[in-house]
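Chemist: After the structure tokens below, expect a handful of questions from me.
In my numbering, the protein residues as written are 1287 to 1689.
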């Protein structure tokens, strides 16, 4: 373990949190931090001695997880979660949960000791990703940038998120690729931190036109364009219009080009969401996510919480405007044959939103496209399987560089 690592807290699942608090109060402890979520019906408290900082806190969670009563995990703060996990794997210790970034910016991973006790590794220090704003078309775009890679010569990668998401969706993937590629992502117009002013167009034409504008803003002449879900459609449109700016295209969970966007269904779903209480909306969205995630990810509450936070980052009224923008997508079957550079398709074998069959159809229009299938992965590639996706990207881009 690195020299500047430290114990953070011990987590306990308890059946009666008030009874537990009363017990530890008799030992001289009191609540230091309250991270409860009343809307979700959960209580999450950190408590300890007044004379000690948070590294000595005990975390208690209620209601009790029936599958893991009592001891939950030990949390240890480390300076580099990804690097530590790489070293652990080299020593034969495989993480129980691969590194991923929370909405708070903290990066976490889980592993088990020889007796099966769960250990949480937490990186609280700098993320390695700079956050800035880029002005364009009357908007201030939120931009994430990993900066100059340690290995020079590889093209930057510009990442385009899907509907209901934001640039932070890619942070885990960006950090895994940052050693070789400068990685960039931005909140697309209408979403999260970028948003849109009244009257500002939100449609596929402008989403695509924003790509060369953002490349100009960050000083990049030519890049690899990575698009996920709706972002894949934007990437296709941008790559065929500005081939001089796009060297290669990577598509994660790309839609079937023969199918149009069912905007009416999305409108109905949004109207239903607007009528629900926060607790009911969370329950509905959680069930939806479990239906489109891979088997392992569907049971991961941390990942689901992060996806719920991504969705909540775009206000409902703004979200409704982005839904109308989905309907403006041009015919992908006409655009795909116009892609001249290498195209790499990545699909999860459990992706129910954009299933593997969609890649087979895409390759009918782009014969040069490669296809890689990620085992056990649903629709949220960069969060479910960032390590596998990063390996595929590095291999495919390396193959292209060697040609």
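All residues carry an ideal CB built from backbone N, CA and C; glycine is no exception.
#1: Just the C-alpha distance for residue 1515 and residue 1472, rounded to the nearest angstrom, thanks.
#2: Would you say residue 1672 and residue 1652 are within 8 Å of each other, going by their C-beta atoms?
#3: How about residue 1716 and residue 1634: are their beta carbons less than 8 Å apart?
#4: Quick one: Cα of residue 1664 to Cα of residue 1306, how far?
#5: Are residue 1597 and residue 1450 touching if we call contact CB-CB under 8 Å?
#6: Taking the beta carbon of residue 1519 as the centre, do at least 16 other beta carbons fall within 10 Å, making it buried, or is it exposed?
#7: Please classify residue 1557: is it buried, with 16 or more other beta-carbons within 10 angstroms of its beta-carbon, or exposed?
#8: How far does the beta strand (DSSP E) with residue 1405 in it extend, from its first residue to its last?
#9: Please report whether the beta-carbon of residue 1581 lies at a distance below 8 Å from any beta-carbon of chain D.
#10: So is residue 1679 buried or exposed if we call it buried at 16+ other beta carbons inside 10 Å?
#11: Using CA atoms only, rank isn't needed, just tell me which of 1484, 1619, 1580, 1655 is closest to residue 1667.
#12: Quick one: grab the DSSP three-state call for residue 1651.
#13: Can you tell me where the beta strand (DSSP E) holding residue 1656 begins and where it ends?
#14: Roughly how many angstroms separate the alpha carbons of residue 1614 and residue 1328, rounded to a whole number?
#15: Measure the C-alpha to C-alpha separation of residue 1498 and residue 1474 and round it to an integer number of angstroms.
#16: Given residue 1339, which residues of its chain have a CB within under 7 Å of its CB, disregarding the five upstream and five downstream residues?
#17: Could you check whether residue 1508 and residue 1477 sit closer than 8 Å to each other, using their CB atoms as the reference points?
#18: May I ask which residues mark the beginning and end of the beta strand (DSSP E) holding residue 1419?
#19: Looking only at its chain, what residues have a beta carbon closer than 8 Å to the beta carbon of residue 1488, apart from the 5 residues adjacent to it on each side?
#20: Could you tell me the alpha carbon to alpha carbon distance between residue 1639 and residue 1572, rounded to whole angstroms?
#21: Have a look at residue 1262 and residue 1415 and give me their C-alpha separation to the nearest angstrom.
#22: Which residues share a DSSP beta bridge with residue 1334?
#23: Can you tell which of 1384, 1324, 1298, 1301 has its C-alpha closest to the C-alpha of residue 1583?
#24: Report the three-state DSSP secondary structure of residue 1472 (helix, strand or coil).
#25: Is residue 1630 helix, strand or coil when you go by DSSP?
#26: Would you check if the distance between the CB atom of residue 1562 and the CB atom of residue 1555 is smaller than 8 Å?
#27: Taking DSSP as the reference, what is the three-state secondary structure of residue 1477?
#28: Whole angstroms is fine: what's the gap from residue 1629's alpha carbon to residue 1494's?
#29: Can you tell me which residues form a DSSP beta bridge with residue 1535?
#30: Is DSSP giving residue 1594 helix, strand or coil here?
#31: Out of 1458, 1674, 1467, state which residue places its alpha-carbon closest to the alpha-carbon of residue 1438.
#32: Taking the CB atoms as reference points, tell me whether residue 1464 and residue 1408 lie closer together than 8 Å.
#33: Figure out for me which residue from 1397, 1299, 1544 has the closest Cα to the Cα of residue 1381.
#34: Report the rounded CA-to-CA distance for residue 1537 versus residue 1301, giving the unit in angstroms.
#35: In terms of alpha-carbon separation, which member of 1392, 1359, 1358, 1600 lies closest to residue 1368?
#36: Do residue 1501 and residue 1272 count as a contact pair if the criterion is CB distance below 8 Å?
Modeler: Taking the definition as stated:
#1: 15 Å
#2: no
#3: Here the chain has residues from 1287 to 1689 only, and residue 1716 is not among them.
#4: 38 Å
#5: yes
#6: buried
#7: exposed
#8: 1404 to 1409
#9: This model lacks chain D altogether; it includes just one protein chain.
#10: buried
#11: 1580
#12: helix
#13: 1656 to 1660
#14: 41 Å
#15: 13 Å
#16: Summary for residue 1339: the model assigns pLDDT 44, below 50, so the residue's position carries little reliability; its value from the coordinates is reported in the next sentence. Once the five neighbours on either side are set aside, residue 1339 has no close Cβ partner at all.
#17: no
#18: 1416 to 1422
#19: 1475, 1476, 1482, 1607, 1608, 1610, 1611
#20: 16 Å
#21: Outside the displayed range of the chain (1287 to 1689) lies residue 1262, so it cannot be described from this structure.
#22: 1316
#23: 1384
#24: strand
#25: strand
#26: no
#27: coil
#28: 17 Å
#29: 1511, 1629
#30: helix
#31: 1467
#32: no
#33: 1397
#34: 45 Å
#35: 1392
#36: Shown here, the chain extends from 1287 to 1689; a query on residue 1272 therefore has no answer.
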